[in-house]
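Contents: one structure, followed by commentary.
Here it is as structure tokens:
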């Protein structure tokens, strides 16, 4: 009898709380983050475009634009848990398709929350990047002393210069052929490279407004190419090193001594030594180590190998999403002819 009365009282109290608004949908709603305007597929005009949306139990909201630019939004709270946000996007440096995604932090779990992904079209030819394709030689082909390299460039603006580089070295000028946006480069410039090896070729084009477009990396063989084999090694313990520490290892050699001592320490916690280092290589404070600091990267990897470590490039898709939007090519050191893997 007492239990029935208690249950009846509990039901009455819950009914009263619900009627008073104490138990509303927002209390139990899942954390959420959305982009509400503009709509996916919208074609936009004007220099400033407002991107806006809503959130629930999410903090530290940022926009990721074309998987490369990250900006902080402005929030307007409706209550303790929910609200709206907005960001005024300066479209002056974008043209064509622009991909936008919002991200934030779950206030309860601290996990990352993602919004819906939208694509908008911006008509701004002055900021259009040239499209660059290495037409010849094809990836995997053999290069001879008489080989010719052809580059196709598509651009809404006049092209100021086209360049090529080999194995990430300095950029070399390429001359235009027949004034038809096809550029030609003779391989006899490749002095000192004529031995069995695999090399990387990259091209870039810059228009009169300073917009630069990059080709994909093409790998070609000289002679028999590089005879590289995959080595499977025992890997009991590994360490992930994110950018705030990996760039420190790049510039501060003293930090390598600390890392080595910690990785080889087997007594403090009775653990096996660390044998593999996963090195964060994404852009950090405006520096792209794979593009801007190649010699320092090679020096760091050489040090790691001398100390007995395997080192692998770590790119975090969880913090910056993958995108189909055009981006600078910065992965040539991680591929077939890599010296850092």
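In mature numbering (1 follows the signal peptide of the UniProt record, and there is no 0), the protein residues as written are -29 to -1, 1 to 312. For every residue, glycine included, the Cβ atom is placed at its ideal position computed from N, Cα and C. Being a predicted model, the structure only gives us computed values, none of them experimental.
*Per the contact definition of three or more C-beta pairs closer than 8 Å, is the stretch 121 to 140 in contact with the stretch 94 to 109?*
yes
*asked:* Taking 8 Å as the threshold (C-beta atoms), are residue 57 and residue 23 in contact?
replied: Within the chain shown, numbered from 1, the residue matching residue 23 stands at position 52. Within the chain shown, numbered from 1, the residue matching residue 57 stands at position 86. A contact, by the Cβ cut-off of 8 Å.
*asked:* Taking the alpha carbon of residue 96 as the reference point, which residue from 79, 46, 182 has its own alpha carbon closest?
replied: Residue 96 sits at position 125 when you count from the first residue of the chain shown. Looking at the Cα atoms, 182 is the closest of the given residues.
*Could you tell me whether any Cβ in chain C is nearer than 8 Å to the Cβ of residue 18?*
Absent here is chain C; the protein component of the structure consists of one chain.
*Would you mind giving the Cβ-Cβ distance between residue 244 and residue 208, rounded to the nearest angstrom? I have them listed as a contact below 8 Å.*
Position 273 of the chain shown, counted from the start, is the residue given in the question as residue 244. Position 237 of the chain shown, counted from the start, is the residue given in the question as residue 208. Sure, about 7 Å apart at Cβ, within 8 Å.
_Buried/exposed call for residue 228, threshold 16 Cβ in 10 Å_ = The count along the chain shown starts at 1 and reaches residue 228 at position 257. It counts as exposed.
_Could you check whether residue 286 and residue 252 sit closer than 8 Å to each other, using their CB atoms as the reference points?_
Walking along the chain shown from the start, residue 252 turns up at place 281. Walking along the chain shown from the start, residue 286 turns up at place 315. A contact, by the Cβ cut-off of 8 Å.
*Measure the alpha-carbon distance for residue 276 versus residue 282 and round it to whole angstroms.*
Position 305 of the chain shown holds residue 276. Position 311 of the chain shown holds residue 282. Taking the straight line joining both Cα atoms gives about 8 Å.
_Inter-residue Cα distance where the pair is residue 44 and residue 25_ = Position 73 of the chain shown holds residue 44. Position 54 of the chain shown holds residue 25. Near 11 Å, if we compare the C-alpha coordinates of residue 25 and residue 44.
*Where the alpha helix (DSSP H) through residue 225 begins and ends*: On the chain shown, position 254 is the one that residue 225 refers to. Segment 225 to 235, the alpha helix (DSSP H) holding residue 225.
*Report the option in 175, 141, 127 whose CA atom is closest to the CA atom of residue 133.*
Indexing the chain shown from 1 puts residue 133 at position 162. Comparing C-alpha distances from residue 133 to each of 175, 141, 127 shows the shortest one belongs to 175.
_Pick from 131, 47, 186, 261 that is closest to residue 214, judged by C-alpha positions_ = To locate residue 214, count along the chain shown from 1; it is residue 243. Ranking the options by Cα distance to residue 214, first place goes to 261.
_Status (buried if at least 16 other CB within 10 Å, exposed otherwise) for residue -5_ = Indexing the chain shown from 1 puts residue -5 at position 25. Note on residue -5: pLDDT 45, under 50, position unreliable in the model; no value is reported.
*Figure out for me which residue from 52, 225, 48, 196 has the closest Cα to the Cα of residue 112.*
Position 141 of the chain shown, counted from the first residue, corresponds to residue 112. Taking only the C-alpha atoms, the option nearest residue 112 is 196.
*Can you tell me which of 55, 63, 4, 27 puts its alpha carbon nearest to the alpha carbon of residue 18?*
For the purposes of this step, residue 18 is taken as the residue at position 47 of the chain shown. If we check each option's Cα against that of residue 18, 63 comes out closest.
*asked:* Can you give me the C-alpha to C-alpha distance between residue 59 and residue 76, rounded to a whole angstrom?
replied: Taking the first residue of the chain shown as 1, we reach residue 59 at position 88. Taking the first residue of the chain shown as 1, we reach residue 76 at position 105. In a straight line, the C-alpha of residue 59 is about 21 Å away from that of residue 76.
_On the criterion of 16 or more Cβ atoms from any shown chain inside 10 Å, does residue 143 qualify as buried, or is it exposed?_
To locate residue 143, count along the chain shown from 1; it is residue 172. Classification of residue 143: exposed, given that the 10 Å Cβ count is below 16.
*asked:* DSSP has residue 192 in a bridge; who is on the other side?
replied: In the chain shown, counting from the first residue as 1, residue 192 sits at position 221. Beta-bridge pairing links residue 192 to 113, 169.
*Between residue 86 and residue 1, what straight-line distance do the alpha-carbon atoms span, to the nearest angstrom?*
As a working note, residue 86 is residue 115 in the chain shown. As a working note, residue 1 is residue 30 in the chain shown. If I take the Cα positions, the gap works out to 13 Å.
_Assuming contact is defined by CB atoms lying nearer than 8 Å, are residue 20 and residue 33 in contact in what I supplied?_
Counting from 1 along the chain shown, the entry for residue 20 is found at position 49. Counting from 1 along the chain shown, the entry for residue 33 is found at position 62. No, they are not a contact pair.
_Do residue 78 and residue 28 have their beta-carbon atoms positioned less than 8 Å apart in this structure?_
On the chain shown, residue 28 is found 57 positions in, with the first residue counted as 1. On the chain shown, residue 78 is found 107 positions in, with the first residue counted as 1. Result yes, Cβ atoms of residue 28 and residue 78 sit closer than 8 Å.
*Give the range of the beta strand (DSSP E) segment to which residue 23 is assigned.*
The residue given as residue 23 occupies position 52 in the chain shown. Note, residue 23: beta strand (DSSP E), 19 to 27.
*What residues in its chain sit with their C-beta under 6 Å from that of residue -8, if we drop five residues either side in the sequence?*
Translated into positions along the chain shown, residue -8 becomes position 22. Residue placement at residue -8 is poorly supported in this model, since its pLDDT is 46, which falls under 50; the coordinates still yield a value, given next. Scanning its chain for C-beta atoms nearer than 6 Å, with the 5 sequence neighbours on each side dropped, one finds no residue around residue -8.
*Indicate the three-state DSSP secondary structure (helix, strand or coil) for residue 214 in the structure shown.*
If you number the chain shown from 1, residue 214 lands on position 243. Residue state, collapsed to three classes: helix.
*Which residues share a DSSP beta bridge with residue 246?*
Residue mapping note: residue 246 aligns to position 275 of the chain shown, counting from 1. Answer is none; residue 246 lacks a bridge partner.
*Go to residue 273, then tell me how far its alpha helix (DSSP H) extends in each direction, as first and last residue.*
Along the chain shown, one-based indexing puts residue 273 at 302. First-last of the alpha helix (DSSP H) with residue 273: 265 to 277.
*With burial defined as no fewer than 16 other Cβ atoms inside 10 Å of the residue's Cβ, what is the status of residue 129: buried or exposed?*
Counting from one through the chain shown, the residue named residue 129 turns up at place 158. Looking at its Cβ environment, which holds fewer than 16 other Cβ atoms inside 10 Å, residue 129 is exposed.
*Can you tell me whether residue 13 is buried or exposed, with buried defined as 16 or more other CB within 10 angstroms of its CB?*
By one-based count along the chain shown, residue 13 stands at place 42. It is exposed - the Cβ of residue 13 has fewer than 16 other Cβ atoms within 10 Å.
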